[in-house]
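Chains as they are written, first to last, in my numbering: chain L, 378 to 590; chain D, 18 to 310; chain E, 23 to 624.
A quick write-up on the structure given underneath.
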Amino acid sequence: MIKLYDYVLSANCYKIRLLLSMLDVDYDSVLVDFYPGREHQTEQFRRDVNPLGHIPVIDDDGFVMRDAHAILIYLAARYDSTGQWYPVSDPRQLGETAQWLTFADGTTNTASAARLHVNMGYDFDIDAARAGAHELFRVADEHLWFRERQGESWLAPGDHPTIADLAVFPDVAMAEEGGVEMLDYPALARWIERFKQVPGFIVMPGVFPYGVS
Amino acid sequence: MPTARIDQIAPAVLNRWHPVAPLEELTPGSDRLTTLLGQHITIQVDDAGAVAVSTVSSPADAAARQLPTISRYCYLWVCLGVPDVPLFEIPEVAEPGRRVLHAGTIGVHVSAPRAVENFLDMAHFPYVHTAILGEEPHSEVAEYQVHVDPDTNDLWATDCVFWQPMAATTSTTGQLTDYLYRVPHPYCVILYKTSPIDQRNDVIALFCQPVAEDRIQANMFLCLLDDENTIGMIRDFQLTIFGQDKPILENQHPKRLPLDPRAETPIRADKIAVSYRRWLRDLGVNYAVIPAA
Amino acid sequence: MSATRTNPSANVDVAHALQRWHPIATQYDLEPRSLFRTKLLGHELVVWRADDGFVNVWENRCLHRGVRLSIGTNDGAELICRYHAWRYSNRTAGCTYIPAHPADSPARTITNKTFPVTNRYGLVWSSQDPQGQVPELSVLDGDTLGLRNLPVNAPVGLVLKHLATHTFLPSDVLAPGLDVVAELAAVEMSAEVSTYSATLRARLAGNESSAVFFVQPVDANRAVIRPVLGEAPFNTVAVLRHHAAVLADLVRDIERAAADIESRPALPSALEVPLELPTVAVAVGRSAPLRVSVRRKWAAAAGITAFELVSHAPDPLPTFQPGAHIDVHLPGGMVRQYSITNGPGETDCYRIAVKRDPASRGGSVALHDSVHQGDELQISEPRNSFPLRRNVSHTVLIAGGIGATPLIAMAKALHTNGLGFDLHCFVSQADQLAFRDQLAEFGDQLHEHVGLSPQETGEQLSVLLAEPSANKQVYACGPPPMLDAVRAVSSDQGWPADAVHFEYFKNTTELEQGSSFVLELARSGLTLDVPSGATVLEVLRENDVPIVSSCEQGACGTCAATVLEGDLLHQDVYLNPTERAAGHTILTCVSRATSNRLVLDL
Chain L
378 MIKLYDYVLS
388 ANCYKIRLLL
398 SMLDVDYDSV
408 LVDFYPGREH
418 QTEQFRRDVN
428 PLGHIPVIDD
438 DGFVMRDAHA
448 ILIYLAARYD
458 STGQWYPVSD
468 PRQLGETAQW
478 LTFADGTTNT
488 ASAARLHVNM
498 GYDFDIDAAR
508 AGAHELFRVA
518 DEHLWFRERQ
528 GESWLAPGDH
538 PTIADLAVFP
548 DVAMAEEGGV
558 EMLDYPALAR
568 WIERFKQVPG
578 FIVMPGVFPY
588 GVS
Chain D
18 MPTARIDQIA
28 PAVLNRWHPV
38 APLEELTPGS
48 DRLTTLLGQH
58 ITIQVDDAGA
68 VAVSTVSSPA
78 DAAARQLPTI
88 SRYCYLWVCL
98 GVPDVPLFEI
108 PEVAEPGRRV
118 LHAGTIGVHV
128 SAPRAVENFL
138 DMAHFPYVHT
148 AILGEEPHSE
158 VAEYQVHVDP
168 DTNDLWATDC
178 VFWQPMAATT
188 STTGQLTDYL
198 YRVPHPYCVI
208 LYKTSPIDQR
218 NDVIALFCQP
228 VAEDRIQANM
238 FLCLLDDENT
248 IGMIRDFQLT
258 IFGQDKPILE
268 NQHPKRLPLD
278 PRAETPIRAD
288 KIAVSYRRWL
298 RDLGVNYAVI
308 PAA
Chain E
23 MSATRTNPSA
33 NVDVAHALQR
43 WHPIATQYDL
53 EPRSLFRTKL
63 LGHELVVWRA
73 DDGFVNVWEN
83 RCLHRGVRLS
93 IGTNDGAELI
103 CRYHAWRYSN
113 RTAGCTYIPA
123 HPADSPARTI
133 TNKTFPVTNR
143 YGLVWSSQDP
153 QGQVPELSVL
163 DGDTLGLRNL
173 PVNAPVGLVL
183 KHLATHTFLP
193 SDVLAPGLDV
203 VAELAAVEMS
213 AEVSTYSATL
223 RARLAGNESS
233 AVFFVQPVDA
243 NRAVIRPVLG
253 EAPFNTVAVL
263 RHHAAVLADL
273 VRDIERAAAD
283 IESRPALPSA
293 LEVPLELPTV
303 AVAVGRSAPL
313 RVSVRRKWAA
323 AAGITAFELV
333 SHAPDPLPTF
343 QPGAHIDVHL
353 PGGMVRQYSI
363 TNGPGETDCY
373 RIAVKRDPAS
383 RGGSVALHDS
393 VHQGDELQIS
403 EPRNSFPLRR
413 NVSHTVLIAG
423 GIGATPLIAM
433 AKALHTNGLG
443 FDLHCFVSQA
453 DQLAFRDQLA
463 EFGDQLHEHV
473 GLSPQETGEQ
483 LSVLLAEPSA
493 NKQVYACGPP
503 PMLDAVRAVS
513 SDQGWPADAV
523 HFEYFKNTTE
533 LEQGSSFVLE
543 LARSGLTLDV
553 PSGATVLEVL
563 RENDVPIVSS
573 CEQGACGTCA
583 ATVLEGDLLH
593 QDVYLNPTER
603 AAGHTILTCV
613 SRATSNRLVL
623 DL
């Protein structure tokens, strides 16, 4: 049974919970008192779980991994028999998926940082974080608008979402918590609602379900 | 939004104790900045652990002044005026067998009274806290009672009942839960709810630090009958609930609570909210609210 | 309840702008089952298309506690608020259901603010207070293509100034490998700029394309550029990409210029300034009859005629809930009640079914014989004394003959809401089942019981009422003997009385508590009777006495009246103990007198 070092309000942990649900893979959550307890920064945690002092971390029967996006790659490669979430068989799809995973690193440093600043008082330059988020969202909105015009729905080409959509989704869905207004990004908003309808989708506090609760 | 000046804030708000930091974060040698009622303040802890709070000097208020403080219920409380009303009592914290803890502090872009009113509301349980505090089709809010305690002036809602799939971390099944709500302070609210494992009540409170008229630090205080669950699990439950409320609160407009009864549309289930708005008006609260016409 | 929101520091420009039509969305933004959020002149709006194609534009704020409606759900028929799941109808924006009070019909005053809407050039247009028409541009008379819309952080005036010198290439010039920069330098542009749009024509090497760049004023410092190309090019994607690229460059230039000039303080969102109080409509007396015309009349079954009634006024027909009925004023002065069979969201007409009954007082015969397609009728607003509760998992609907009509509306609502139900229709002959085509969508949840004798009916009822449980309820409508049978069987089977609801088709309303008393109005000099079961508010309305109301549940205080004499039974939740004890105020929607006489200062 996979063990997931988890925290309910973490966008990065949510990415893992999402993929595990969509792949229908069982796991146990080890609830880390990330805030206010800052358990992930204790000596014990660094020694026993992750020397870099962050979550999510998974322990798959002794195989331990850190880094949300790396974990997504591993879980998709290991447990997705359809090969759709991490499309290794199609170089272009794989390339685009990787490109948008890096984009998600960008949203972590902007939209997610803004959210952590507002929610939990993290010391980030809030104006720079918000401006950075808007720059990224303009790019993503244009990209998705053109995908729609070509009858497609996801960040990477193809008719199935990839871990790229999964990696970008949480920060976009919760951007307003950080004071990043989402009025200007209708194509992104439609992509959010489409993603919520993917079988196995689950919410987290801060994300509303598709349709009535 | 432009925020009221200190000299415009009514005594009902200015002369109250307000929470400004969780005690566990005030480590020796630390120095932090926060904002209360639009006023920047510093909280300094010396190496011996003594806490001193003072205003940050500004063009309007040239000299920094020291502020009175008290430490209570896991938080540091500060008064910007003259503290003529003692901080409310929660006798349960002294009871044996209780876990008293700070569940977390979350910044929310909304006024304190909106957050208090949401905490007083049961009708949203099946829709915002689905499968935890409520579930369809059990959506009806049965008649409950509201009164103001003549001695303390605390506002109370009693005989509240709601069917809950998972009332607390200690729940193993759904149950009809009895609720008591108490508002002892314009920006603080206390809930007493049936514990799944004991005859006494769990005590859960929201103490809002009014940063600005439309911004708060929401402090979640617990005084529970639960010696099984880890602190991580207890906090997980409270942060889940609050995390689900946050986007609702931040999508409410206007951000300040309108006190005119014709500004919004209450129904019978909103009896406590109607009373809370009138109670704020009767107290003369003029900060973080839109006064009645 | 209509609400006027204005910015207190509005200048003439803003007032004028509020009277124009503005584009606020594209057809792309009206995905089925979606809610689109936009902002016009500082006011947030929610735009959504119902399954019947109607496009709703509402203020983006639930009037309950101010939550954005755009974070809710569009289920094709209604908008469901995310906070407390209040349901608002397509077209009217009236509230049809409040889950916290499942047995109550929401007051008609619980209606969100709507704005007029029209579609043109692939764009959705709206206005707060439209004077005049949506702009007509001959350039866009033929085929058009909606180009990528771009938001820009700059005032409208600055945007138009830059649009005047914007350049793009004619569609036919675009080809892979083209040196776009060089070609843009050579293109010949002409521009016609008006207050909120710029019409541009590009000419190069004998090719020509025109586009209109509409500009939506979001607030004082923001706009959305919504361009429409006046042709349908063959190379659609290439054209879309070209325009998106050059427009993005223009937006960068505009925003750079905007940062340089001193920015005007942003127009405060109407949601942030103190709200003007909603202007509560003063309802004088009983609502005047509505004028409708018969859009369609047809045989819905043997001996049963159906009518579709549509509104005469530009306003939509008033909100209804499942179980509601209307009074129909018939030729010859008769008034008859008929249930509305429409489902949620089917709000462009009222659909009723009338059984021809020669033995009746003549109402049904008049409708069947004397009222034809195209004729006008007068009707009342819908009234609901038979509201559908939805806080159970399963509903058993039992219909006797034409009594099916309110239950059809209920079945449709339960079906749309995803709640369990079974609809049992008892008819003498199979060809008497009305609206068979519509009932087909219920599949095996529809049960027909044809030609049963009273005894067989009783046996059948025993079967379908066999297993009462806390999560089930029964609604029955039909002729009195049938309802008596349902009452007897359900009681025998152990159903609690409050789980079984009846509508007697001869329109007997259930009586509520309270004794009758005399109501004297000191100022108008009227003396009225308030019978047991009627409220003071209802009696005032019926007698054309002006009185305002809002929640009609005793919660908001709007309907308060001053008491001069009389002992009161307060049934509201608004007055505090001191006010109650003083006895000077009564909330007329729920409270009563315990004395024989009540004198009000009205």
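C-beta: ideal position from N, C-alpha, C; glycine also.
Since the structure is predicted, the reported quantities are computational estimates derived from the model, not experimental observations.
- Residue environment analysis places SER148(E) among the buried positions, since at least 16 neighbouring C-beta atoms fall within 10 angstroms of its C-beta.
- Counting the other CB atoms within 10 Å of its CB gives PRO582(L) a total of 16 or more, which places it among the buried residues.
- Nearest C-alpha to GLN162(D) among PHE136(D), ALA185(D), TYR196(D): TYR196(D).
- For LEU560(L), the chain E residues whose Cβ falls inside 9 angstroms of its Cβ are ARG59, THR60, LYS61, GLU66, PRO173, VAL240, ARG244, in order along the chain.
- The Cβ of VAL575(L) sits no closer than 9 angstroms to any Cβ of chain E.
- Secondary structure at ILE221(D): strand, using DSSP grouped into helix, strand and coil.
- Of the other Cβ atoms in all chains shown, 16 or more fall within 10 Å of the Cβ of PRO213(D); this residue is therefore buried.
- Annotation: the stretch 456-514 of chain L contains the following complete segments of the alpha helix (DSSP H) (minimum length 4 residues), in chain order: 468-484, 490-497.
- By the rule that beta-carbons nearer than 9 angstroms mark a contact, PRO563(L) touches chain E.
- Residue pairing of HIS347(E) in beta bridges, as defined by DSSP: SER361(E), ARG405(E).
- Shown here is that no member of the stretch 43-68 of chain D has a Cβ falling below 7 angstroms from a Cβ of chain L.
- Straight-line measurement puts the Cα of ARG42(E) at about 7 angstroms from the Cα of GLY154(E).
- Boundaries of the alpha helix (DSSP H) harbouring SER392(E): 385-392, taken from the DSSP string.
- Per DSSP, the beta-bridge partners of TYR198(D) are ALA174(D), LEU208(D).
- The three-state secondary structure of ASP403(L), taken from DSSP, is coil.
- Looking at the DSSP output, PRO173(E) shares a beta bridge with VAL246(E).
- Rounded to the nearest angstrom, the Cβ distance from HIS446(E) to LEU419(E) is 7 angstroms, consistent with a contact under 8 angstroms.
- With a threshold of 9 angstroms between beta carbons, SER530(L) makes no contact with chain E.
- In this structure, LEU57(E) lies near ASN96(E), with their beta-carbon atoms less than 9 angstroms apart.
- Not a single C-beta of chain D is nearer than 9 angstroms to the C-beta of GLY536(E).
- The distance from the Cβ of TYR412(L) to that of MET497(L) is about 5 angstroms, consistent with a contact at the 8 angstroms cut-off.
- Chain-ordered, the chain E residues with CB closer than 7 angstroms to the CB of ALA286(D) read ALA122, HIS123.
- Contact between ALA510(L) and THR487(L) holds: CB atoms are separated by about 4 angstroms, below the 8 angstroms threshold.
- Measuring C-alpha to C-alpha distances from PHE190(E) to each of ALA582(E), ARG225(E), TYR50(E) identifies ARG225(E) as the nearest.
- Note that the C-beta distance between GLY164(E) and GLU253(E) is below 9 angstroms.
- VAL472(E) sits exposed, since fewer than 16 C-beta atoms from the chains shown fall within 10 Å of its C-beta.
- Chain-order list of chain L residues neighbouring ILE248(D): ASP410, GLY414, by C-beta distance under 7 angstroms.
- At a cut-off of 9 angstroms between beta-carbon atoms, ASN496(L) makes contact with chain D.
- Contact between the stretch 219-226 of chain D and the stretch 201-210 of chain D is present: 3 or more CB-CB pairs across the two stretches fall below 8 angstroms.
- Residue pairing by DSSP places PHE448(E) opposite GLY422(E), HIS471(E) in a beta bridge.
- By the Cβ-count criterion, ASP542(L) is buried, with 16 or more other Cβ atoms from all chains shown falling within 10 Å of its own Cβ.
- PHE448(E) and TYR360(E) have their alpha carbons spaced roughly 19 angstroms apart.
- At a cut-off of 9 angstroms between C-beta atoms, GLY439(L) does not count as an interface residue with respect to chain E.
- DSSP places GLY124(D) in no alpha helix (DSSP H) but in the uninterrupted beta strand (DSSP E) bounded by 116-125.
- About 6 angstroms separates the Cβ atoms of VAL237(E) and SER219(E), confirming a contact at the 8 angstroms cut-off.
- Beta-carbon to beta-carbon, ALA615(E) and LEU591(E) are separated by about 7 angstroms, close enough to satisfy the 8 angstroms threshold.
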